[in-house]
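Novice:
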Amino acid sequence: MFHPIPHVSALLIALATFAVSPSEPQSSSAPRFDDAFWKTWGDGQAELSSYDLVFPRYGAPRKGTAVAIVVTETFDADTHVKREGSARKDGKDLPVLKLNLVEDFATGVYDYNLMTSVFVGLVEHRGMPAGALVKETFSAQEWCGHAWMQVDARGGELAHELHSYFEGEGDQSSTLANAKNGLAEDALLLWARGLAGPMLAPGEERTVPMLRSLATTRLAHVPLVWDEAALKRETGALERAVPAGTFECDVYRATIRRADDAKARAGGKLPATCTWTLLVERVAPRRVVRFENDAGLVGELAASARMKYWELNGPGGEAGLERLGLKPRPARTP
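Heads up, the final residue of the sequence shown is numbered 354 in the numbering used here, and it's a clean run with no missing numbers.
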């Protein structure tokens with residue numbers, strides 16, 4: 021069961037508990053999770069955005085739907101799982117921002133259902149700056165079987181867990197060195213909004229380590245490694261029409277150079293580079309209007325709403341889908 025995050029006042033107590041030590045100041049490029057942030061994201065609601073999706077799979081573009089859910093939650097600082105109930109006074113409340121990206125599309129006779137969850141810390145934690153990855157998970161379900169992954173940030177290392185129905189993958193666990201100035205590819209939808217580090221000024225460019233997308237590792241069956249990405253925020257604005265309307269947008273790009281790994285190159289499953297382009301509305305709440313990469317993936321904003329969706333799971337709750345431009349799934353018929 022989903023429990024909304026405690027009221028913003030409790031979160032501010034958590035922020036005080038996790039104040040950055042003077043000896044380890046936050047990076048100047050770290051996002052600012054200040055009063056303005058909490059005025060929006062501490063209201064006990066989630067932002068839901070639906071996207072018209074094109075997902076490349078098996079050599080063809082597949083039309084589908086994506087839903088991005090962004091909401092603040094409270095983690096246990098030791099276990100990195102969601103705390104239940106009201107705020108506690110044990111000093112272990114860790115405020116995080118969660119992005120759930122759900123992608124559904126059909127491939128011939130059967131569907132693909134993908135879900136990626138990314139959690140970034142809203143305060144300095146275990147020596148990592150605010151806006152850094154705390155945890156991410158990924159799952160894929162389709163008619164052949166399903167796979168599940170988790171990456172848990174433990175300061176200087178990432179704990180990686182994989183469960184797959186493929187013999188060559190099976191059940192695995194390993195560790196990977198963490199990068200203090202790194203960015204997860206799966207967090208790009210937060211990064212472009214200024215909700216994950218590093219922040220960029222208009223015209224600024226920066227090269228950072230980039231943790232390969234969990235979806236990429238599973239669908240291409242390649243290793244989870246740190247790639248390198250050249251991040252850029254363009255100057256000026258771009259007007260873009262999408263199903264949700266016409267927006268003045270800031271343009272962000274991430275050009276990823278994949279690690280020179282022979283296994284990753286095997287069979288040409290993973291191109292040597294990948295460029296993401298993200299268009300973000302220039303005014304608050306700075307939603308991602310369009311995201312795409314040169315592998316053929318495209319998402320265009322169809323609708324967006326703030327709501328306590330976890331309270332809409334009873335009969336009649338499906339009416340909330342109308343606010344997102346979605347319809348209830350029809351029952352399968354013989």
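Backbone N, C-alpha and C define an ideal beta-carbon position, used for all residues, glycine too.
All values derive from a computational prediction rather than experimental measurement.
In chain order, what residues of the same chain lie with their CB nearer than 7 Å to the CB of tyrosine 329, ignoring the 5 residues before and after it?
Specialist: Residue numbering aside, residue 329 sits at position 309 when the sequence shown is read from its first letter. Answer for tyrosine 329: Ala66, Leu68 and Gly340, listed in chain order.
Novice: Since leucine 117 is in the beta strand (DSSP E), which residue starts that stretch and which ends it?
Specialist: For the purposes of this step, residue 117 is identified with residue 97 of the sequence shown, where counting begins at 1. It spans 113 to 127 - the beta strand (DSSP E) in which leucine 117 sits, taken as one unbroken run.
Novice: In angstroms, rounded to a whole number, what distance separates the CA positions of aspartate 72 and alanine 264?
Specialist: Residue 72 sits at position 52 when you count from the first residue of the sequence shown. Residue 264 sits at position 244 when you count from the first residue of the sequence shown. In a straight line, the C-alpha of aspartate 72 is about 10 Å away from that of alanine 264.
Novice: Whose C-beta lies closer than 7 Å to the C-beta of histidine 183 among residues of the same chain, with five residues either side of it excluded?
Specialist: One-based indexing of the sequence shown puts residue 183 at position 163. Cβ neighbours of histidine 183 beyond the five flanking positions: Ala167, Trp168 and Asp191.
Novice: Cβ atoms of threonine 227 and alanine 249: under 8 Å apart, would you say?
Specialist: Walking along the sequence shown from the start, residue 249 turns up at place 229. Walking along the sequence shown from the start, residue 227 turns up at place 207. Yes. Within cutoff.
Novice: Per DSSP, asparagine 133 is paired with what?
Specialist: Stepping through the sequence shown from its first residue, residue 133 is reached at position 113. Asp124 and Gln161, per the DSSP bridge assignment.
Novice: Would you check if the distance between the CB atom of arginine 253 and the CB atom of aspartate 270 is smaller than 8 Å?
Specialist: Taking the sequence shown and counting its residues from 1, one reaches residue 253 at position 233. Taking the sequence shown and counting its residues from 1, one reaches residue 270 at position 250. Taking 8 Å as the Cβ cut-off, arginine 253 and aspartate 270 qualify as a contacting pair.
Novice: Please state the DSSP three-state secondary structure of aspartate 206.
Specialist: Taking the sequence shown and counting its residues from 1, the one referred to as residue 206 is at position 186. Reduced to three states, the DSSP call for aspartate 206 is helix.
Novice: Which whole-angstrom value describes the C-beta separation of lysine 83 and valine 91, a residue pair presumed to lie in contact below a C-beta threshold of 8 Å?
Specialist: What you label residue 83 is simply residue 63 of the sequence shown in a count that begins at 1. What you label residue 91 is simply residue 71 of the sequence shown in a count that begins at 1. Not a contact, Cβ separation roughly 27 Å.
Novice: Out of curiosity, what's the CA-to-CA distance linking glycine 79 and alanine 315?
Specialist: Here residue 79 corresponds to residue number 59 of the sequence shown, with the count starting at 1. Here residue 315 corresponds to residue number 295 of the sequence shown, with the count starting at 1. So the two alpha carbons sit approximately 10 Å from each other.
Novice: Note down the Cα distance separating threonine 157 from glycine 175, rounded to an integer number of angstroms.
Specialist: As a working mapping, residue 157 is identified with position 137 in the sequence shown. As a working mapping, residue 175 is identified with position 155 in the sequence shown. Going from the Cα of threonine 157 to the Cα of glycine 175 covers about 17 Å.
Novice: Under the assumption that alanine 160 contacts arginine 238 (Cβ atoms under 8 Å), give the Cβ distance between them as a whole number of angstroms.
Specialist: Here residue 160 refers to the residue found at position 140 when the sequence shown is read from its first residue. Here residue 238 refers to the residue found at position 218 when the sequence shown is read from its first residue. Contact flag correct, Cβ pair sits at about 6 Å.
Novice: DSSP three-state call for glutamate 331: helix, strand or coil?
Specialist: In the sequence shown, counting from the first residue as 1, residue 331 sits at position 311. It is helical.
Novice: Please report the Cβ distance between threonine 297 and arginine 273, rounded to the nearest whole angstrom; I am assuming they are in contact, meaning their Cβ atoms lie under 8 Å.
Specialist: Position 277 of the sequence shown, counted from the first residue, corresponds to residue 297. Position 253 of the sequence shown, counted from the first residue, corresponds to residue 273. Between arginine 273 and threonine 297 the Cβ distance is about 5 Å, and since that is below 8 Å, they are a contact.
Novice: DSSP three-state call for glycine 62: helix, strand or coil?
Specialist: In the sequence shown, residue 62 corresponds to position 42, counting from 1. Three-state DSSP puts glycine 62 in coil, outside helix and strand.
Novice: Within 10 Å of its beta-carbon, does arginine 352 have 16 or more other beta-carbons around it, so buried, or fewer, so exposed?
Specialist: Locating residue 352 in the sequence shown gives position 332, counting from the first residue. Exposed: under 16 other Cβ atoms inside 10 Å.
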